[in-house]
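As they're listed, the protein sequences go chains A and B.
According to the numbering used here, the first sequence is numbered sequentially starting from 3.
According to the numbering used here, the second sequence is numbered sequentially starting from 3.
Ideal Cβ placement from N, Cα and C applies to all residues, glycine included.
See below for the structure under consideration.
Number of protein chains: 2
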Amino acid sequence: MTIELINEDEMRVKIFKALADPTRLEIIRMLYQNNKEMTFGGVGDKCQTSKANISYHFRALREAHLIKVRKEAQSKLVSLNFPIFEQYLPSFLDTL
Amino acid sequence: MTIELINEDEMRVKIFKALADPTRLEIIRMLYQNNKEMTFGGVGDKCQTSKANISYHFRALREAHLIKVRKEAQSKLVSLNFPIFEQYLPSFLDTL
DNA sequence: TCCATAGTTCAATAGTTATTTAACTATTAT
DNA sequence: ATAATAGTTAAATAACTATTGAACTATGGA
Chain A
3 MTIELINEDE MRVKIFKALA DPTRLEIIRM LYQNNKEMTF GGVGDKCQTS
53 KANISYHFRA LREAHLIKVR KEAQSKLVSL NFPIFEQYLP SFLDTL
Chain B
3 MTIELINEDE MRVKIFKALA DPTRLEIIRM LYQNNKEMTF GGVGDKCQTS
53 KANISYHFRA LREAHLIKVR KEAQSKLVSL NFPIFEQYLP SFLDTL
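Structure, rendered in structure tokens:
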């Protein structure tokens with residue numbers, strides 16, 4: 003567990019890069035509209051791309067702190083990290 | 003003057019790409035805080051990079067419809083396109 | 001007309017990003 | 001122990017992005 007020391011604009015750049023992709027926008031929208039935790043697989047099934055690619059996109063979202071992930075059995079459960087959206091993009095989710 | 007036909011998510015991707023850069027964030031913040039039209043040169047002077055590069059960044063912002071530009075004499079005057087921020091990123095500017 | 005100012009465009013380059021395939025780890029069930 | 005399920009990692013590749021310097025266009029002033 004390493005500590006990241008980045009300033010607010012670096013954070014914004016990371017967040018905007020993470021959101022600047024159709025697949026990742028689709029994931030965010032899915033999580034917002036389902037309004038509950040989903041498995042990586044459950045999300046990935048609805049995006050037509052490889053599981054390796056989904057894993058790549060989840061990493062980008064996680065590194066931007068836009069999602070929270072916890073492990074349960076073989077699966078990983080993912081949900082939106084609302085406070086980050088509140089801080090950096092208030093009301094954005096409602097525009098989706 | 004060509005017409006662009008892009009859907010909302012393509013628009014979001016374009017906007018997020020445009021904002022995912024420190025120089026462009028700096029420009030947006032400057033325009034927001036100055037709260038008035040500025041010349042390209044006036045903005046560029048405060049960003050330490052070449053005028054060619056500033057021109058490149060302004061193009062990215064303009065293509066994402068985040069700024070409005072009008073020509074006056076030799077100069078170009080730039081200002082924020084508030085309705086787009088309102089539609090796609092409500093309240094974002096206030097977080098800067 | 002000639003010069004200065006304000007921006008754009010082009011080509012080159014270095015770095016980054018998205019995607020695929022294949023091989024890997026971890027957990028659960030038989 | 002083996003197999004199935006769920007996800008990660010690595011290498012390769014193609015496409016895209018940011019930056020620079022030089023050459024260019026357009027406008028205004030001496």
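Contact annotation: in the region 82-93 of chain A, residues whose CB is within less than 9 angstroms of a CB in chain B are 89, 90, 91, 92 and 93. In the displayed model, residue 51 of chain A falls within coil according to three-state DSSP, outside both helix and strand. Remark: three or more beta-carbon pairs, one from each stretch, lie closer than 8 angstroms, so the region 62-80 of chain B and the region 23-33 of chain B are flagged as touching.
Contact between the region 10-30 of chain B and the region 48-62 of chain B is established, with three or more Cβ pairs separated by less than 8 angstroms.
If you look at residue 98 of chain A, you'll find it isn't in any alpha helix (DSSP H); DSSP assigns it neither H nor E. One thing to note: residue 39 of chain B has its Cβ within 7 angstroms of the Cβ of residue 81 of chain B. For the options B/98, B/25, B/79 and B/73, the alpha carbon positioned closest to that of residue 90 of chain A is the one of B/98.
DSSP, reduced to helix, strand and coil, places residue 69 of chain A within a strand of the structure shown. At a Cβ-Cβ threshold of 7 angstroms, residue 68 of chain B and residue 83 of chain B count as neighbours.
For residue 57 of chain A and residue 73 of chain A, the gap between their C-alpha atoms comes out near 14 angstroms.
If you look at residue 82 of chain A, you'll find it in the beta strand (DSSP E) that goes 77-82.
Cβ-Cβ distances below 6 angstroms link residue 16 of chain B to 66 in the same chain, with the five nearest sequence neighbours on each side left out; the list follows chain order. Within chain A, no residue has its CB atom less than 8 angstroms from the CB of residue 68 of chain B, the nearest being about 12 angstroms off. Against residue 27 of chain A, the close residues of chain B are 11, 14, 15 and 18, in the order they occur along the chain (beta-carbon pairs closer than 9 angstroms). For residue 22 of chain A, the neighbours in chain B by C-beta distance under 9 angstroms run, in chain order, 14, 15, 16, 17, 18, 19, 20, 21 and 22. In the structure shown, residue 10 of chain B falls within a helical segment according to DSSP collapsed to helix, strand and coil. Listed along the chain, the chain A residues whose CB falls inside 8 angstroms of the CB of residue 97 of chain B are 89, 90, 91 and 92. Secondary structure at residue 74 of chain B: strand, using DSSP grouped into helix, strand and coil. For residue 37 of chain B, no alpha helix (DSSP H) run applies, since DSSP gives it neither H nor E.
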